[in-house]
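Residue 638 in our numbering is what sits at position 647 of the sequence shown, and the numbering runs on without skipping anything. We put the beta carbon where it would ideally sit given N, CA and C, even for glycine.
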Amino acid sequence: MTRTSARPVSRALNRSALLCGAAGAALLLAPVSAVAQQAATPAAAAASSGNEIALDAVTVISTFTDLPTVDTLAGVSVLRSDQIEQLDPARAADLFFGMPGVTAIQNGNSSQTSINIRGLQDFGRVAVFVDGARQNFTQLGHANAAGSFFLEPALISAVDVYRGPSSNLYGTGAIGGVVAFRTKDVQDILKPGQTWGVEGTGEIGSNGPMGFGSLFGAARVGQNIDLFWGGTYRKANDYKDGNGDLVPGTAYDTWTGIAKATFRPADYHQVKLTAINYNSTYTTSNEYPTLTTSQYGTQVINQTLTANYNYMNPNDNLFAFDGNIYWNRVKEDQVKVAGSASTITGAVGNPRSFTIDTTGFDANNTSRFEFYGVRNAITIGGDYFHDDVNNVDNYGFGDGYNPSGTRGVGGAFVQWQGNYSTWLEAIAAVRYDSYNLSGDGVNNSGDHVSPKFTLGLTPVPWFTVYGTYAQAFRAPAVTETLVAGAHPPAIPIVTCPDGSFGVFCFVPNPNLAPEVGSNKEIGVNIKYDNLFMRGDKIRLKANVYRNDVSDYIELVQYGTTRYGTTAYAQYQNIANAKLTGFELESMYDAGPWFLGVNATVTNGENTTNGQPLSSVMPDNIATTLGVRLWDNKLTMSVRWMAVAAVTAADLPTDGVYTPTPSFNLVNFYLGYTPSPNVLASFSVENLLNEQYTQYQQFLPSAGITLKGALTIKFGDGQLASLSPTLASITK
């Protein structure tokens, strides 16, 4: 069945998104044309209003060279500390509210988060990095995405997102995109000239209730040593949904700790060491908890160690080097605490564990030169990671769904970036990848060469149009290749090759081929200052794309039992998957007030059988409206996101997900800074108390939630005004 049936809400959203793009273009072009007849006022030449827009933030995620986000020739979105502050996130998924093309999946009864970009997710299709360390944890199950990470949002100072398989620089697998998190550091605590400082935050919230506390410290030891350390604690009880019903199993306790040391042994050389520890406990299940549902007391410990070396000398055009080595371990220990006993899930009191150790490195160097008026940057680099998966379930079959094994994946790339005058930019890159996978007597390997070509034209200083063709390669995961065993409950409907029995059997596939994504994209970037009044800013990025994924890996059900139900499930290469879409990100900032509009339209199809892809997220539109008062000391904003319904026509006939209705989510934020070192905030999530369940999740989301927080910073330079005696003691 092809995806041709009616989808009223989605179509309405599609039209709205396109109208938003057209309206934004009209808003720009009409007044800009009038102004241009007199005198051009491009953003680069305008006086700064002092208001930071996320699209102005510098990012390296596109080309490994510093660029304002709005100037990148790709679908790139970023979050910086002030945007994160207004989101007031309690969970990592909250960071991606309304971000175009991006959906974060996080069930209420789990601390793990998975990212979907442009309809692609799971098994590394979206590469996730925390301070350069790759996150590859997978636990197959109804409540778990097959590719997750664990992260406390209060540790995060910046998020950079690259949408699409165009970032050859970030390693194998990223046929959907890249998400790079950067944790807090010294500069988030200390102002220029300060030698030490402390930041503390306390927050309480309703609908749980919930509480949070954090404490961070930083010190500069001379000019060449920076130290940063801190920790957080977050606790929440079971929340209520929009109907006022308690949702069991949504409580959690999470502790985190972080430490960094930065050394500058010589001019332009920097070494940074980072250690992060994450510890979360909660109770989880594979479906909405009932008396017979298997439930597990869960503890997750995620430990990350990274070492980064950076050489950046503005006078050296030959070398601009950056390198990382890292180790990341996720260990999830579970004990069954409720549910019926079976050979699949074990009995109450039985333990099981899921562990992955990922070690890796990446390195790159950029050389710059000018030739016949063309400014050239050549970046050469490589990366490698090794996954060691060790899952143990001696009483059930958890390690059958999540088999142990090892995988090594590496590659190298070269990229040329050329700029001529102010109107032409071209990028050409090629990447080579190879992999080796082993486990349960299986040895699988392969390689691929992925090209990338981008051309950008800037006919006037405020407008850029670009086109890109890029490939990316993803090796099969250990779980996709080796998963085997019966699906519970353990009733003799079908007997599996290993002797287990259940409602159907997972069948391993040692012959899985890697996926290759081929993306075609056209986009526009618009930036203009002093449009309607002195100091205002408008920024806009919009794109359309088509991503054809060959040998797409999908869980396929086949065979029939004597009861007429499906007998077997196996990860297989389907011939091709096609994903198309439109994305819009825009912001107008007039200083005293600001308005943003984002939109996402995504369609996906298995072109072999015409069925829709179950990984495609519903279309959405998100708006932000805010004001700044009292010399920018008071900020108020309202965020609204309208999410389309997922109907039966949007899902494959043999899919495991169920339709979900459309919903509207409204959040409110108020922040008051009586001084630069104090922030008092109040926020309301789900202001309309909407009853909704997000697509691919089985638990309803939280109803209306109120939160209040206070953050205080102090350090040398501020202490004297508080107490001259304390200041003299600390000298």
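Separation of residue j from residue i, as counted between CA atoms
i: P650; j: T638; result: 5 Å
i: G699; j: F705; result: 21 Å
i: H377; j: F404; result: 19 Å
i: A635; j: A95; result: 16 Å
i: L723; j: T696; result: Outside the shown range of the chain, which is -8 to 722, sits residue 723, and nothing can be said about it.
i: F454; j: K518; result: 7 Å
i: L661; j: D353; result: 41 Å
i: G735; j: Q286; result: Here the chain has residues from -8 to 722 only, and residue 735 is not among them.
i: G514; j: F55; result: 20 Å
i: T346; j: G401; result: 22 Å
i: L181; j: I418; result: 38 Å
i: L670; j: L625; result: 10 Å
i: T245; j: T272; result: 7 Å
i: D232; j: N98; result: 13 Å
i: Q29; j: A266; result: Its pLDDT being 33, under 50, Q29 is placed unreliably in this model, and the value from its coordinates should be taken loosely. Approximately 56 Å, taken between the alpha carbons.
i: G391; j: V383; result: 9 Å
i: L58; j: E361; result: 19 Å
i: L428; j: V380; result: 11 Å
i: D622; j: D79; result: 22 Å
i: L218; j: K263; result: 10 Å
i: A250; j: K175; result: 10 Å
i: Y243; j: S102; result: 8 Å
Beta-carbon proximity check, residue i vs residue j, cutoff 7 Å
i: Y683; j: F654; result: yes
i: L690; j: F659; result: no
i: A463; j: A693; result: no
i: L656; j: M632; result: yes
i: A477; j: P499; result: no
i: G221; j: L206; result: yes
i: G155; j: G66; result: yes
i: N228; j: G248; result: no
i: G430; j: G458; result: no
i: N516; j: T349; result: no
i: A568; j: N597; result: yes
Residue i (DSSP reduced to helix, strand or coil)
i: V339; result: coil
i: E596; result: strand
i: L46; result: helix
i: I75; result: helix
i: A738; result: A question about residue 738 goes unanswered here, because the residues of the chain that appear run from -8 up to 722.
i: V433; result: strand
i: A590; result: strand
i: G99; result: coil
i: G167; result: coil
i: F207; result: strand
i: A124; result: strand
Exposure label - residue i; buried when at least 16 CB within 10 Å
i: R465; result: buried
i: S72; result: exposed
i: T104; result: buried
i: S412; result: exposed
i: S436; result: exposed
i: G364; result: exposed
i: A566; result: exposed
i: I108; result: buried
i: I216; result: exposed
i: V69; result: buried
i: R343; result: buried
i: L620; result: exposed
i: P652; result: exposed
i: M201; result: buried
i: M608; result: buried
i: D520; result: buried
i: Y554; result: exposed
i: M524; result: exposed
i: F310; result: exposed
i: Q112; result: buried
Cβ-heavy atom distance, residue i to the ligand HEM, below 6 Å
i: P239; result: This structure simply doesn't include the ligand HEM, nor any ligand for that matter.
Measuring CB atoms only, is the segment 532 to 543 touching the segment 499 to 512, in the sense that at least three cross pairs come out at less than 8 Å?
The segment 532 to 543 vs the segment 499 to 512: in contact.
With a threshold of 8 Å, are at least 3 pairs of Cβ atoms found where one atom belongs to the segment 44 to 52 and the other to the segment 518 to 536?
Enough Cβ pairs lie closer than 8 Å, so yes.
Does the structure place the segment 112 to 129 close enough to the segment 170 to 177 that three or more beta carbon pairs sit under 8 Å?
The answer is yes - the segment 112 to 129 touches the segment 170 to 177, with three or more Cβ pairs under 8 Å.
Does the contact criterion of 3 or more C-beta pairs under 8 Å hold for the segment 444 to 459 versus the segment 467 to 475?
Because the criterion of three Cβ pairs below 8 Å is not met, the segment 444 to 459 and the segment 467 to 475 do not touch.
Inter-stretch contact (C-beta, 8 Å, three-pair minimum) for the segment 605 to 613 and the segment 78 to 96
Three or more Cβ pairs drawn from the segment 605 to 613 and the segment 78 to 96 lie within less than 8 Å of each other, which places the two stretches in contact.
Taking contact to mean 3 or more Cβ pairs, one atom from each stretch, closer than 8 Å, check whether the segment 295 to 304 and the segment 250 to 262 are in contact.
As far as the Cβ criterion goes, the segment 295 to 304 touches the segment 250 to 262, which means the pair count is three or higher.
Whether or not the segment 143 to 158 and the segment 284 to 301 are in contact is what I'm after, with contact meaning three or more pairs of Cβ atoms, one per stretch, closer than 8 Å; do they touch?
In short, these stretches do not touch, since the Cβ pair count stays below three.
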